[in-house]
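Let me begin by presenting the structure, written as structure tokens, before commenting on it.
2 protein chains.
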Amino acid sequence: MPLPQPIAPALPGGLDTPALVIDIDIVERNAQRLANQIAACGVALRPHVKTHKSIALARIQIESGASGITVGTIGEAEVMADAGISDIFVAYPVWASAAKAPRIRALAERPGLRFAVGLDSVDAAAQLARAMAGSSARLRVVLEVDSNYGRTGTNAAMAGDLARAAQQAGLEVAGAFTHGGHGYADPAARDAAAADEIEALTVAAASLRTAGIEPQVLSAGSSPTATFSARPPVTEVRAGTYLIGDRQQVALGASPPDGVAIAIAATVVSEAVEHQFVIDAGAKSLTKDAPTYIAGFGSIPEFPGAVIERVSDYHGQVRYDPATVPPKLGQVVAVAPNHACPVIDLYDSFVATRSGTVLGRWQVDARGRSG
Amino acid sequence: MPLPQPIAPALPGGLDTPALVIDIDIVERNAQRLANQIAACGVALRPHVKTHKSIALARIQIESGASGITVGTIGEAEVMADAGISDIFVAYPVWASAAKAPRIRALAERPGLRFAVGLDSVDAAAQLARAMAGSSARLRVVLEVDSNYGRTGTNAAMAGDLARAAQQAGLEVAGAFTHGGHGYADPAARDAAAADEIEALTVAAASLRTAGIEPQVLSAGSSPTATFSARPPVTEVRAGTYLIGDRQQVALGASPPDGVAIAIAATVVSEAVEHQFVIDAGAKSLTKDAPTYIAGFGSIPEFPGAVIERVSDYHGQVRYDPATVPPKLGQVVAVAPNHACPVIDLYDSFVATRSGTVLGRWQVDARGRSG
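One line per chain: the protein sequences are X and E, in this order.
Going by our numbering, the first sequence opens with residue 1, and the numbers climb by one from there.
Going by our numbering, the second sequence opens with residue 1, and the numbers climb by one from there.
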């Protein structure tokens with residue numbers, strides 16, 4: 001059975017391409033849908049804003065009921081804190097280097113901000129504690145535990161030991177978090193990944209209690225697993241891409257086909273080679289992110305047989321079925337990107353629309369803030 | 001036989017990671033080496049600045065003897081023209097949309113700028129001519145011909161017909177250009193791609209002469225093919241990545257191992273999973289550009305057995321040989337990226353160094369100017 005394919009949002013006319021377009025109607029619908037689903041489970045939603053890096057879109061999430069936000073870097077935290085967002089968790093094993101330490105400390109000491117960072121080692125805890133030495137603020141940390149993804153995170157059964165070391169170093173341990181990233185492996189992987197998240201956090205909670213620490217936070221997170229891991233003992237989920245949607249989320253069943261708010265508007269610039277047309281969106285506009293279960297580097301929903309087979313920096317080479325009519329030279333097409341997060345990070349701003357009507361140019365405020 | 005591997009430039013201490021570092025000593029050496037080689041062939045070097053997007057680095061190329069520069073987008077042309085660079089060729093089949101037309105016209109009319117754009121269709125020529133309607137300036141165009149890469153470019157034997165149409169539309173036809181991008185296919189592909197470039201430009205020149213047009217420019221171009229296609233009738237070559245070097249160029253034999261001027265400085269943030277460490281450079285710092293003939297998403301020359309097996313937005317997962325000693329938590333390592341061009345485009349600025357000594361923060365002036 002072929003995987004579901006995205007529908008592209010309507011493009012406004014007259015765009016200078018390549019251009020990033022985000023439909024705010026679809027964003028608001030996505031924000032509300034997941035917020036309602038997660039609220040119905042009695043769990044908090046702390047969306048990951050690394051997907052869009054936009055203050056305006058983060059505010060839409062908070063207005064829809066998010067309990068706070070998740071970020072991946074100290075730079076993202078700074079941008080969002082400067083915008084007045086008051087509850088920020090850096091879901092990353094932060095290392096308080098000499099360069100990062102004063103930045104972390106400034107966030108921990110910022111009035112009105114509830115701030116926490118992740119860690120997965122005793123050394124990282126000691127380093128964070130050094131960053132806070134002499135401060136009247138106490139840094140909140142959430143321990144990362146692995147849930148069979150094998151990226152970062154300590155063994156969940158050892159969470160109590162790590163928590164005790166962190167407490168002894170002077171940090172406040174709020175609980176544990178995990179990321180079942182293997183839910184992205186293929187469209188069948190989601191349920192097992194969600195079960196792994198729940199299992200890891202259950203084990204971590206028991207280990208923390210054995211160490212005498214009652215976890216306030218047990219945080220699971222990814223868009224594919226969000227609605228499946230939103231059950232006790234999990235207290236919050238950290239979905240991100242759900243807000244924007246992309247080809248990958250649709251293929252995984254984590255976004256409806258009409259839940260894709262993003263398009264890259266591109267112009268057909270060449271048709272010199274047979275059975276192919278070339279658009280002005282290449283690797284610097286679409287990235288080379290290409291999950292194994294979807295073909296090419298993005299799709300063009302209006303031309304369903306067309307595959308973006310190869311990208312160079314500024315060229316997208318699209319092979320099409322010769323039995324179909326391709327777009328004309330100069331025509332602007334809407335590309336559904338494979339993976340919204342790294343794509344949005346290529347653009348300083350996007351064209352915000354509602355059903356093809358332009359609202360304005362909105363900033364990707366934390367673009368490039370990867371550290 | 002294993003492919004050659006890059007040596008990383010020395011990193012300065014105290015960097016806030018991830019950070020883009022470019023060693024200017026190595027840049028200058030690379031600039032001079034290729035300039036000398038190409039000059040010895042009696043051919044002009046018109047480097048492609050899409051690799052670095054930096055005014056300062058473009059000036060190093062011009063001071064080393066480049067005849068002008070190549071860009072891939074109108075946006076790059078604007079940035080470089082604003083900086084006073086006086087000879088710019090947009091090696092791309094430019095489509096003069098309503099949004100682009102005034103930008104193209106302004107460049108064509110700019111005093112003191114020798115400006116040309118590529119085209120590969122009669123329709124694009126007509127569209128460019130419309131953009132210039134009523135102008136006293138005449139737009140120079142260079143016809144793109146295909147050299148068996150199959151991306152863009154008309155059949156070389158038809159160049160004369162296209163040239164006549166462009167002339168009749170009021171454009172000034174300067175010659176033809178091609179890009180043997182299949183020289184990147186694998187380390188053995190270079191010689192055939194260079195031969196294809198020479199052949200296509202020879203055929204295009206004959207076709208142009210039959211149409212009564214004497215080509216001033218026959219332009220070939222890529223870093224792997226540059227020194228091989230720099231011979232008559234080719235008049236100029238458009239290498240780009242040679243200036244910076246990367247893992248791909250070294251694997252292809254197009255850069256010496258010590259010709260890699262670029263490193264992404266990254267910190268080891270986790271070692272929680274066995275036989276693996278994680279660095280804070282992921283897909284938003286390294287891209288997912290991964291040629292088939294090199295393993296992983298970048299190498300860490302100081303740890304030769306280590307492979308960056310998987311990247312997520314902010315994580316690089318590095319598998320290492322358990323018989324070797326991995327870096328410590330908190331240690332900063334230098335990553336050699338697979339492909340410099342899309343990587344540099346992720347950063348607003350870079351740390352310019354000479355042998356590990358910091359010169360300053362230099363801007364990636366045309367970052368994100370992909371259209």
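Think of the CB as a built atom: it goes at the ideal place given N, C-alpha and C, for glycine as much as any other residue.
Taking Cβ positions only, does residue i come closer than 8 angstroms to chain E?
| i | result |
| --- | --- |
| Y242/X | no |
| D365/X | no |
| E302/X | no |
| H315/X | yes |
| R110/X | no |
| Q127/X | yes |
| S147/X | no |
| W362/X | no |
| D345/X | yes |
| E271/X | yes |
| V278/X | yes |
Of all the CB atoms in chain X, is at least one closer than 8 angstroms to the CB of residue i?
| i | result |
| --- | --- |
| T287/E | yes |
| Y293/E | no |
| D161/E | no |
| T353/E | no |
| L329/E | yes |
| T73/E | yes |
| R151/E | yes |
| V358/E | no |
| T225/E | no |
| G371/E | yes |
| A124/E | yes |
| G183/E | no |
| P342/E | yes |
Only counting the same chain, and skipping five residues up and downstream in sequence, which positions put a Cβ closer than 8 angstroms to that of residue i?
| i | result |
| --- | --- |
| P102/X | A131 |
| R114/X | G68, S86, D87, I88, R140 |
| R151/E | H179, G181 |
| A96/X | I104, A124, Q127, L128, R130, A131 |
With DSSP as the reference, identify every bridge partner of residue i, one or two as the case may be.
| i | result |
| --- | --- |
| G118/X | P93/X, V142/X |
| G316/X | I279/X, V311/X |
| I69/X | I88/X |
| V332/E | T267/E |
| F177/X | E144/X, S219/X |
| T357/X | R354/X |
| I22/E | I262/E, A352/E |
| F44/E | What sits at residue 44/E in the sequence shown is Ala, not Phe. A44/E is bridged to E236/E. |
State the CB to CB distance for the pair residue i and residue j, rounded to an integer number of angstroms; the pair is presumed to be in contact (CB under 8 angstroms).
| i | j | result |
| --- | --- | --- |
| T235/E | V43/E | 6 angstroms |
| G240/X | P6/X | That pair is no contact at about 17 angstroms. |
| Y242/E | A266/E | Going by Cβ atoms, the distance from Y242/E to A266/E rounds to 25 angstroms, so no, they are not a contact pair. |
| A281/X | G316/X | 5 angstroms |
| A366/E | V79/E | 4 angstroms |
| A66/X | A35/X | 7 angstroms |
Going by the CB atoms, is the gap between residue j and residue i shorter than 8 angstroms?
| i | j | result |
| --- | --- | --- |
| V94/E | L119/E | yes |
| T353/E | L346/E | no |
| L15/X | V351/X | yes |
| P9/X | A261/X | yes |
| A166/X | A195/X | no |
| V90/X | V49/X | no |
| P187/E | Y293/E | yes |
| S64/X | A31/X | yes |
| V278/E | V318/E | yes |
| E309/X | V333/X | no |
| S222/X | G183/X | yes |
| L329/E | V268/E | yes |
| A263/E | A336/E | yes |
| S370/E | G75/E | yes |
Near residue i, what residues of its chain come up, given a Cβ to Cβ distance below 6 angstroms and the 5 sequence neighbours on each side ignored?
| i | result |
| --- | --- |
| A204/X | V145, A156, A159, A176 |
| A230/E | I38, C41, V43, V237 |
| D289/E | N338, H339, P342 |
| G427/E | Nothing in the structure corresponds to residue 427/E, since chain E is present only between 1 and 371. |
| S270/X | V278 |
| A254/E | S223, P224 |
Beta carbon of residue i: closer than 7 angstroms to some heavy atom of the ligand PLP?
| i | result |
| --- | --- |
| E172/E | Among the ligands in the structure shown, none appear at all, so the ligand PLP cannot be discussed. |
Starting from the C-beta of residue i, find all residues in its chain whose C-beta is less than 7 angstroms away, skip the five residues before and the five after it, and write them out in chain order.
| i | result |
| --- | --- |
| A56/E | W362 |
| R164/X | A211 |
| A283/E | V311, S312, D313 |
With 8 angstroms as the C-beta to C-beta threshold (strictly closer), list the residues of the segment 8 to 38 of chain X near chain A in chain order. Note that chain A does not occur in the displayed structure, where the protein chains are X and E.
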